[in-house]
Each structure stands twice: as C-alpha cells, then as structure tokens.
C-alpha cells in the first residue's frame, strides 16, 4: 500500500498490485503498480507518496522513476531507510 499526502486535504491510501491489470502491465513479475485518479488530485501543491516495502535481503529492490512515456525506472541503491530529504539517482 502507498499513502499519498495531498496539499490542504487528508492523505489517501492506494493499493499496489502485481496482477497484470490496469497500471500493472505484467502479472507476477514482481513489479507492483497503481494509478492515482484525477479526482484525488487537488491542483497545485506538494504531493508526497510514501511506500513501505518489506522483503527478503537480496531479493527486494525499490524502483523509482519519472513520469511520462519516455521515462525509465531507476533502481534505488542503498540498504537503509530513505528519509524525506534523500533522493536516489543512478
């Protein structure tokens, strides 16, 4: 599950799926995806998305990427927790 913090409104929880439906393209590939509906966006302001990942050491990675069709995902390198001010880039 991911929590979306929105400006001037309470946060919402969205569920991430690996079922090959909707935002998830390939079922059971280990990549979990979700969509945020336009009605959940409130215009200008800062939006934060928090995702908690639990997995086995050496078997779990966190992929971060940009928006748009030409963006590519980047694997976040590191072994610890990311704070609000950490940015992971390759």
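Residue numbers (the working numbering): 142 to 231.
Heads up, the beta-carbon is just placed ideally off N, CA and C, and yes, glycines get one too.
Query                                                                                                                                                   : Result
How about residue 145 and residue 185: are their beta carbons less than 8 Å apart?                                                                      : no
Could you please give me the residues that DSSP links to residue 145 through a beta bridge?                                                             : 153 and 190
For residue 176, tell me which candidate among 194, 187 and 153 has the shortest Cα-Cα distance.                                                        : 153
Got a sec? Which residues, its chain only, sit under 7 Å from residue 197 by beta carbon, not counting five neighbours each side?                       : none
Going by DSSP, what residues sit across from residue 158 in a beta bridge?                                                                              : 174
If I measure Cβ to Cβ from residue 149 and keep anything under 8 Å in the same chain, skipping five residues before and after, which residues do I get? : 183 and 186
Which residue from 188, 170, 200 and 193 puts its Cα closest to that of residue 156?                                                                    : 193
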